[in-house]
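Asker:
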Amino acid sequence: MVRQDCGSCHGMRLAGGLGPPLDAQRLAQWPLEALVATIHQGRPGTPMPGWSPMLSLADATWIAEQLQRGFPEERR
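For the sequence shown, UniProt numbering assigns the number 76 to the last residue and increments by one with no breaks.
The structure is reproduced here in structure tokens:
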């Protein structure tokens, strides 16, 4: 889901595109709660949608934690 849905704006390797890169070094500077809110509620005035219709708060938290740790490379 992350690579497919987030990758459509943040790049398939999450290195940036319409949206900024989602690398661990950059995201480690954000409080976890802020990342969760961005994923779950979106960012008004930007193309970042809220995913609350499809993700629970627990799901958004898990994604934020994985991104801060450095989302694993896609298996080949």
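Note that beta-carbon positions come from the ideal geometry of N, C-alpha and C, so glycine has one too.
Looking at the structure shown, is Arg43 part of a helix, part of a strand, or coil, going by DSSP?
Answerer: Arg43: coil per DSSP, three-state reduction.
Asker: Find the nearest neighbour of Cys9 within the set Pro47, Thr61, Trp62, judged by alpha-carbon distance.
Answerer: Here the closest residue by C-alpha is Pro47.
Asker: Should Ala60 go down as buried or exposed, given a rule of 16 or more other Cβ atoms within 10 Å for buried?
Answerer: The residue is buried, with at least 16 neighbouring Cβ atoms inside 10 Å.
Asker: Select from Leu18, Pro20, Gly16, Trp62 the residue whose C-alpha is nearest the C-alpha of Ala37.
Answerer: Closest by alpha carbon: Trp62.
Asker: Residue range of the alpha helix (DSSP H) that Arg69 falls in?
Answerer: First-last of the alpha helix (DSSP H) with Arg69: 57-69.
Asker: Going by C-alpha distance, which of Leu57, Ile39, Ala58, Asp23 is nearest residue 79?
Answerer: With the chain running from 1 to 76 in the structure shown, residue 79 is simply not present.
Asker: Would Gln68 and Leu27 be called neighbours here (beta carbons separated by less than 7 Å)?
Answerer: Yes, they are a contact pair.
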